[in-house]
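One structure below.
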Amino acid sequence: MSYSKPNSSEATLTRLRTGKDYCPFSGMCVTCVDGCTGLCEIGRSAYRSTEVLYPQPFGGSTSASQKDYPVDFSHLNIMGTAVGAVGIEPDPDVATFPNVNLETAVGADKGIKLRLPFVIPGLGSTDVAKNNWDGLAIGSAISGVILTIGENVCGMDEKSVIEDGRVVDSPDMARRVKLFQEWYDGYGAIVVQANVEDTRLGVLEYVIDKLGVQVVELKWGQGAKDIGGEVKIRSLEKAQMLKKRGYIVLPDPEAPSSVENFYKTFNEFERHSRIGFVDEESFVKRVQELRDAGAKYVFLKTGAYRPADLARAVKYSSLAKIDMLTVDGAGGGTGMSPWRMMNEWGVPTIHLAAMTYEYAKRLADKGEYVPDIAIAGGFTLEDHIVKALAMGAPYFKLVGMARSPIAAAMVGKTIGKLIEEENLPKNIAAYGNSVEEIFVAAPELKERFGDRFKDIPTSAIGVYSYYKRLAQGIRQLMCGARKFALEHLSRDDLASLTKECAEITGIPYVMDLDRDEVEKILG
């Protein structure tokens, strides 16, 4: 069987003439006929070429792979019990699910407090991040979680002031940071991430010195792709500016053919970042440079690279004593990730998580430092989060999610606009016609923030509401496992439903679970 379906997808706005009758490996129609106008990816590529590499519509969407991996987190189930309670008094009037404590703290000194175990990994210069930043920043701050400003924000900011190759001012970066800071109440954190171009521009030194950022993150990659970040540019002048700033821009915006044919044959340029190259000495040195520059906490984010690279990430993070390592499994993206790359490269999340746990445990068993770890890669709902944290316990502290909070922000924003326009669809109007009536968490926020509630956009209420749903769902699952604080989650709270999953994760097959205890009970 094929785990993938190449050559047609709603992601690339392509389809097959023969519908369900196609060749499984190639993805082509079972009969490809002369005279077809090119409905599939091959056909569309015949006239739009490289444009068909990327999901559509660009700028207003996020995307994720459709590959149906042979093993994923659905092959694990959370185990409940009818005995005891861990982390609370075993009293039915006390051990209730609302009393499950989801607060946690990360960092070498455990100085970053969170109300919920979530981090939004790098949302950078993409349109979808920029257009929804108010909701993401305010929603994250009032929820008490970590939000990461991703790569290329300063470099993409047309109003950035760059002197001698170093950024000294970026209004877009400043706005993003300050919006979170204005709503920060001691829980969560705003993090700024850097890639190759950001490092050359001195972005992290700028945000530490000028914007008061305390947490910075080095980036080796992400789960969506194993090349640098990409966006599309719909301005010739901006494309030319970005080339001058050192980015790879395709086609060449200074070539006469590009200037002449822009908005005739094509209407967007591709801007690409460069790949980085990792070695132990330079990594440890860079971490120390950032601490010397004033960073209180230093993170690392790595992607779905091969196992040896994950081992490097875990070991180098230990040597440099970084505060948190984020590991991102294949394959979803919030920007212009190549569609087939998202589907066909890298280590799937459950395999990557299993490796990360193994490598962290090996270091811990030798008495070596293990940083707090966040795992990312397609997580969206409460069962995913409990499974991830339990599988990686005690090393996994947070779960990274980006596409789902963006979705919540976009929906919240859209409903807010429809309320203003008095154009609510029937399914939403059934709840009412105001923010307070439609958003079930709005009265709670209004009581919490008073007059300031009017400054919370509906996009932020959407993010907060989504997180509130996750929190209650997590508490319910943890209560069923009789675990009443995150620190008590363990691998014993899970069982593998297939022997293949058990082999990959080391989590026992459900039919082998509790065998010794069962024998004692049954005598």
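Residues 266 to 788 (my numbering) are what the sequence shown spells out, left to right. Ideal placement from N, C-alpha and C gives every residue a C-beta, glycine not left out.
Residue i, enclosing alpha helix (DSSP H) - first and last residue
| i | result |
| --- | --- |
| P436 | 436 to 448 |
| D399 | 398 to 408 |
| M776 | Premise fails: M776 is in no alpha helix (DSSP H) and is neither H nor E. |
| D392 | 392 to 395 |
| A311 | 306 to 313 |
| V418 | 418 to 421 |
| N692 | 691 to 694 |
| R605 | 604 to 609 |
| I353 | Taken as a continuous stretch (DSSP letters only), I353 belongs to no alpha helix (DSSP H), as it is neither H nor E. |
Chain-order list of residues whose beta-carbon lies under 7 Å from that of residue i (same chain, five-residue window excluded)
| i | result |
| --- | --- |
| C301 | R282, G308 |
| T277 | E306, V317, P320, Q321, W604 |
| A489 | G596, G597, G598, S602, M607 |
| P355 | G349 |
| P518 | L501, A504, Q505, K508, F534 |
| S326 | P320, V393 |
Neighbourhood of residue i by C-beta distance below 8 Å, restricted to the same chain and skipping five residues each side
| i | result |
| --- | --- |
| K678 | N397, G400, P722, T723, S724, G727 |
| G372 | Y562, D588, M589, D637 |
| S522 | P516 |
| R571 | V612 |
| V295 | T283, D286, Y287, C288 |
| S267 | P289, F290 |
Start-to-end residues for the beta strand (DSSP E) that takes in residue i
| i | result |
| --- | --- |
| L379 | 377 to 379 |
| G387 | 383 to 388 |
| Q458 | 454 to 459 |
| N342 | 341 to 343 |
| R536 | 534 to 537 |
| V705 | V705 -> no beta strand (DSSP E), and no H or E assigned at all. |
| A760 | 759 to 761 |
| T302 | Note, T302: premise wrong, no beta strand (DSSP E); not H, not E. |
| D593 | 589 to 593 |
Under the three-state DSSP convention, the category residue i falls into
| i | result |
| --- | --- |
| G598 | strand |
| I671 | helix |
| Y729 | helix |
| R571 | coil |
| V426 | strand |
| A329 | strand |
| C294 | strand |
| Y268 | coil |
| F362 | helix |
| F259 | Outside the displayed span of the chain (266 to 788) sits residue 259, for which this structure offers no information. |
| D517 | coil |
| F338 | helix |
| A558 | coil |
| I411 | strand |
| S274 | coil |
| Y581 | helix |
| T279 | coil |
| V348 | coil |
| L367 | coil |
| D720 | helix |
| D463 | helix |
| V563 | strand |
| A750 | strand |
| V433 | strand |
Chain-order list of residues whose beta-carbon lies under 6 Å from that of residue i (same chain, five-residue window excluded)
| i | result |
| --- | --- |
| R536 | V496, I498, L507, Y512, V514 |
| Y334 | P613 |
| L444 | A402 |
| A629 | V635 |
| D434 | V426 |
| G559 | I473 |
| T279 | S273, C305, E306, R309 |
| N460 | E416, K484, S538 |
| G829 | Residue 829 is absent from the structure shown; the chain starts at 266 and stops at 788. |
Any chain B beta carbon closer than 8 Å to residue i
| i | result |
| --- | --- |
| H649 | In the structure shown, chain B cannot be found, because there is only a single protein chain. |
- Just checking, does the segment 331 to 344 make contact with the segment 741 to 752 on the three C-beta pairs under 8 Å criterion? yes
- Query: At a cut of 8 Å, does the segment 525 to 545 reach the segment 443 to 456 through at least three beta carbon pairs?
  - Reply: no
- Message: With three or more beta-carbon pairs closer than 8 Å as the criterion, would you say the segment 686 to 699 touches the segment 363 to 371?
- Response: no
- Ignoring anything shorter than 3 residues or poking outside the segment 612 to 681, list the beta strand (DSSP E) runs there in chain order. Entirely contained in the segment 612 to 681, the beta strand (DSSP E) runs reaching 3 residues are, in chain order, 637 to 641, 661 to 665.
- Does the segment 573 to 581 come close enough to the segment 730 to 737 that 3 or more CB-CB pairs lie under 8 Å? no
- Task: Please confirm if the segment 695 to 705 is in contact with the segment 613 to 624, defined as three or more CB-CB distances below 8 Å between the two stretches.
- Result: no
- Message: If we require 4 or more residues per run, which alpha helix (DSSP H) segments fall completely within the segment 465 to 532?
- Response: Scanning the segment 465 to 532 for uninterrupted alpha helix (DSSP H) segments of 4 residues or longer gives 468 to 476, 501 to 509, 521 to 526, listed from N- to C-terminal end.
- Message: Within 8 Å, do at least three Cβ pairs link the segment 412 to 421 to the segment 745 to 764?
- Response: no
- Task: Report yes or no: do the segment 637 to 651 and the segment 661 to 671 share at least 3 C-beta pairs separated by less than 8 Å?
- Result: yes
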